[in-house]
Amino acid sequence: MAHYAVRESPPLRGEIPISTSKNAVLPIMCGALLTREDVRIENPPNLTDVSTLSSLLEACGCRVRRETGALILTASGFKNPQDEEDVRKMRASVLVLGPLLARLHEARIPLPGGCAIGQRPIDQHLKGMSALGAKVHFDHGGVTLCGRLRGATIYLDMPSVGATENLLMAATLAEGTTRIENAAKEPEIVDLAAFLSSMGARISGAGTSTIVIEGVSSLHGTTWQPIADRIEAGTMACACAITGGELMLRGARADHLRSLLFKLSEAGVHIHDTPGGLMVLGRAKQPFEIRTMVYPGFPTDLQAPMMAVACKTPGTSVFLETIFENRFMHAAELSRLGAHIRVENRVAVVEGTPYLTGAPVTATDLRAGAALILAGLCAEGETLVNDADGHITRGYERIEEKLAGVGGLVRRVCMP
Ligand code: UD1
3 MAHYAVRESP
13 PLRGEIPIST
23 SKNAVLPIMC
33 GALLTREDVR
43 IENPPNLTDV
53 STLSSLLEAC
63 GCRVRRETGA
73 LILTASGFKN
83 PQDEEDVRKM
93 RASVLVLGPL
103 LARLHEARIP
113 LPGGCAIGQR
123 PIDQHLKGMS
133 ALGAKVHFDH
143 GGVTLCGRLR
153 GATIYLDMPS
163 VGATENLLMA
173 ATLAEGTTRI
183 ENAAKEPEIV
193 DLAAFLSSMG
203 ARISGAGTST
213 IVIEGVSSLH
223 GTTWQPIADR
233 IEAGTMACAC
243 AITGGELMLR
253 GARADHLRSL
263 LFKLSEAGVH
273 IHDTPGGLMV
283 LGRAKQPFEI
293 RTMVYPGFPT
303 DLQAPMMAVA
313 CKTPGTSVFL
323 ETIFENRFMH
333 AAELSRLGAH
343 IRVENRVAVV
353 EGTPYLTGAP
363 VTATDLRAGA
373 ALILAGLCAE
383 GETLVNDADG
393 HITRGYERIE
403 EKLAGVGGLV
413 RRVCMP
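Heads up, the sequence shown is in my numbering, so the first residue is 3 and it goes up one at a time.
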C-alpha cells in the first residue's frame with residue numbers, strides 16, 4: 003500500500019524534467035491498432051495507466067515490446083478483448099473502440115460505470131460511431147458495434163476529448179470524408195492527429211472545432227515522440243507557487259499552458275518561457291478565480307493543484323468546476339490540513355490561511371492526490387497521503403523523486 007510522507011519544505015529550487023504526456027500516449031497506443039506494422043512510441047512515461055493499457059492491448063492480440071526509452075506495438079493480428087475486467091480498470095480503454103471497429107468491423111466493450119469524479123458516459127462516442135454507419139447494440143452490461151464505416155458529418159453535443167479521439171481514429175479507415183464538428187481542441191488531439199498523419203492518415207483542422215478526415219484504405223507503421231505532459235508541468239508550477247523558489251520545468255510548453263500561466267501571473271508568480279522549458283519564480287500572493295473549461299480554457303485536471311495553491315494564498319479564491327460534476331473531493335481532505343474551503347454544488351470558495359498543519363489524508367483520485375502532496379509541502383509537520391488505490395502512479399511518474407530533486411521533503415513509503 004503506497005503512502006506519500008510529505009513535510010513542510012523550503013522554497014523549491016532546480017530543474018524538473020517533464021515526462022511524456024499520459025493523455026497523449028494512451029490514445030496513441032490505441033491508434034497503433036490501426037496498422038499491421040510496428041508503431042514505436044518514444045519515451046513513454048512509466049505509469050500504471052500505460053502498463054494497464056499495454057496489458058489490455060496484449061489481451062487483444064497486439065504485441066507490445068518495451069525497450070529502453072521506447073514502446074513498440076504491433077497489431078498484425080488481433081481480436082476484441084476477451085476479459086471485460088481489463089477494460090473496466092481504466093476509462094481510457096474505451097479508446098480501443100474506434101480502432102477495433104475500423105479494422106475488424108466489430109467491437110465490443112463493457113459499458114464504463116461511474117467513477118470517482120462523475121458519471122462519464124460514452125454517448126457521444128456511440129452517437130458518432132452510429133453516424134459513421136455502425137450498428138450499436140447493448141446487452142449484458144456491454145455495447146457491441148458492427149458494420150463497415152462510411153464517412154459522415156458528426157456534431158458532438160459537447161467537445162469531448164475521448165469522443166473526438168475515438169471518432170478521429172475510426173474515421174481514418176472509413177470510406178469517404180468525415181467531418182467532426184464541435185470537436186475538442188486539446189493539444190493531445192493535435193498530437194494524435196499528427197501521429198495518425200505520420201501513419202498515412204489524411205486529416206485537417208485538428209486543434210480547431212472542425213476536423214476533416216479523408217478515409218484511406220490502410221495505414222502504415224511510424225515512430226512517434228508524443229508531447230510533454232502539460233498537466234504534470236502545471237502541477238509542478240503549482241508546487242513552486244506554493245513554496246516559492248525557482249523551478250525550471252524542462253520540456254514544458256507555454257503554448258499548451260496559457261490559461262494556467264495567466265492565472266499564476268495574476269497571483270503574482272513570475273513565469274518565463276525559455277527555449278528549454280518554463281521558468282517559474284516566486285510564490286502566489288494574490289487570490290484568483292478559476293472556471294474550468296474545455297481547451298484553451300482552464301483545464302479541469304489542474305483545478306485540484308490550483309486549489310492547493312489557494313489554500314495558503316491570502317484572500318478569497320473562487321473555483322467553478324464546469325466539466326465534471328463531482329470533482330471537489332480533495333476539498334474535504336485539504337480541510338483536514340486546516341484549509342478553509344466551502345463547497346456548494348459546482349462552486350468552491352477558498353479563504354487563504356497562513357497556517358496548514360500536517361495530517362493523514364486520502365487521495366480520492368489522481369489529481370486530488372497530487373494536490374494533497376502539494377499542500378503537504380506548506381503544512382507544518384507531516385502530511386501522510388494515503389494512496390492505497392494507486393491513483394497517483396496512474397498519472398505522475400516518480401512525483402516524489404522529482405519533487406525531492408528540487409528540495410521537496412517527499413518520500414514514498416510502502417505500508418503493509
Ligand atoms: C480526458 C482526459 C482527462 C480530462 C478530461 C477533460 C484522457 C485520457 N483523459 O478525459 O484527464 O480530465 O479529458 O479534459 O485524455 N461526456 C459525455 N458523453 C461522452 C463523453 C463525455 O457526457 O460521450 C462528458 C463527461 O461526462 C465529462 C465531459 O463530457 O463531463 C468531458 O469528458 P471528456 O472530454 O470526454 O473527457 P475524457 O476524454 O474522459
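Just so it is clear, CB atoms sit at the ideal spot from N, CA and C, and this is done for glycine as well.
Predicted, not measured: the structure shown is a model, and the values here were computed from it.
CB of residue i within 8 angstroms of CB of residue j, strictly
i: residue 183; j: residue 158; result: yes
i: residue 306; j: residue 390; result: no
i: residue 320; j: residue 349; result: yes
i: residue 245; j: residue 181; result: no
i: residue 10; j: residue 242; result: no
i: residue 186; j: residue 166; result: yes
i: residue 44; j: residue 72; result: yes
i: residue 59; j: residue 164; result: no
i: residue 378; j: residue 385; result: yes
i: residue 137; j: residue 149; result: yes
i: residue 74; j: residue 40; result: yes
i: residue 352; j: residue 416; result: no
i: residue 218; j: residue 202; result: yes
i: residue 36; j: residue 221; result: yes
i: residue 302; j: residue 329; result: yes
i: residue 430; j: residue 127; result: The structure shown does not extend to residue 430, since the chain is modelled only from 3 to 418, so the question has no answer here.
i: residue 396; j: residue 368; result: yes
i: residue 299; j: residue 288; result: no
i: residue 144; j: residue 110; result: yes
i: residue 94; j: residue 51; result: yes
i: residue 224; j: residue 200; result: yes
i: residue 135; j: residue 407; result: no
Cα-Cα separation between residue i and residue j, rounded to whole angstroms
i: residue 260; j: residue 190; result: 15 angstroms
i: residue 227; j: residue 54; result: 20 angstroms
i: residue 361; j: residue 405; result: 20 angstroms
i: residue 308; j: residue 297; result: 17 angstroms
i: residue 399; j: residue 23; result: 10 angstroms
i: residue 5; j: residue 175; result: 45 angstroms
i: residue 315; j: residue 146; result: 50 angstroms
i: residue 30; j: residue 194; result: 6 angstroms
i: residue 79; j: residue 33; result: 15 angstroms
i: residue 335; j: residue 294; result: 20 angstroms
i: residue 340; j: residue 327; result: 25 angstroms
i: residue 198; j: residue 133; result: 21 angstroms
i: residue 131; j: residue 412; result: 45 angstroms
i: residue 26; j: residue 65; result: 20 angstroms
i: residue 87; j: residue 8; result: 34 angstroms
i: residue 107; j: residue 81; result: 11 angstroms
i: residue 387; j: residue 216; result: 48 angstroms
i: residue 3; j: residue 112; result: 28 angstroms
i: residue 311; j: residue 265; result: 11 angstroms
i: residue 403; j: residue 69; result: 23 angstroms
i: residue 382; j: residue 283; result: 22 angstroms
i: residue 468; j: residue 168; result: Not covered by the structure: residue 468. The range shown for the chain is 3 to 418.
Whole-angstrom C-beta distance between residue j and residue i, which should lie under 8 angstroms
i: residue 304; j: residue 375; result: Going by Cβ atoms, the distance from residue 304 to residue 375 rounds to 14 angstroms, so no, they are not a contact pair.
i: residue 14; j: residue 410; result: 6 angstroms
i: residue 317; j: residue 371; result: Their Cβ separation, rounded to whole angstroms, is 26 angstroms, which puts residue 317 and residue 371 out of contact at 8 angstroms.
i: residue 290; j: residue 323; result: The pair is not a contact, with the Cβ atoms about 15 angstroms apart (cut-off 8 angstroms).
i: residue 123; j: residue 90; result: Between residue 90 and residue 123 the Cβ distance is about 15 angstroms, and since that is not below 8 angstroms, they are no contact.
i: residue 83; j: residue 62; result: 5 angstroms
i: residue 262; j: residue 230; result: That belief does not hold up - the Cβ atoms of residue 262 and residue 230 are roughly 14 angstroms apart, past 8 angstroms.
i: residue 359; j: residue 332; result: Not quite, the Cβ-Cβ distance comes to about 17 angstroms (not below 8 angstroms), so this is no contact.
i: residue 192; j: residue 173; result: Contact flag wrong, Cβ pair sits at about 16 angstroms.
i: residue 20; j: residue 256; result: With a Cβ gap of about 12 angstroms, residue 20 and residue 256 do not count as contacting.
Residue i Cβ short of 7 angstroms to the ligand SAM heavy atom set
i: residue 190; result: This structure lacks the ligand SAM; its bound ligands are the ligand UD1.
Could you pull out every unbroken beta strand (DSSP E) segment of at least 3 residues lying fully inside the region 135–181, listed in chain order? 137–141, 144–148, 155–157
Count the C-beta pairs between the region 277–294 and the region 248–256 that are closer than 8 angstroms, then say yes if the count reaches three, no if not. yes
Whole runs of the beta strand (DSSP E) within the region 39–86, excluding any shorter than 3 residues: 40–44, 65–69, 72–76
Quick one: complete beta strand (DSSP E) runs, 3+ long, within the region 213–260? 224–226, 247–252
Go through the region 258–285 residue by residue and report every complete run of the beta strand (DSSP E) that reaches 3 residues or more, in order. 272–276, 279–283
Extract the residue ranges of the beta strand (DSSP E) inside the region 324–358, only unbroken runs of 3 or more that lie entirely within it. 342–346, 349–353
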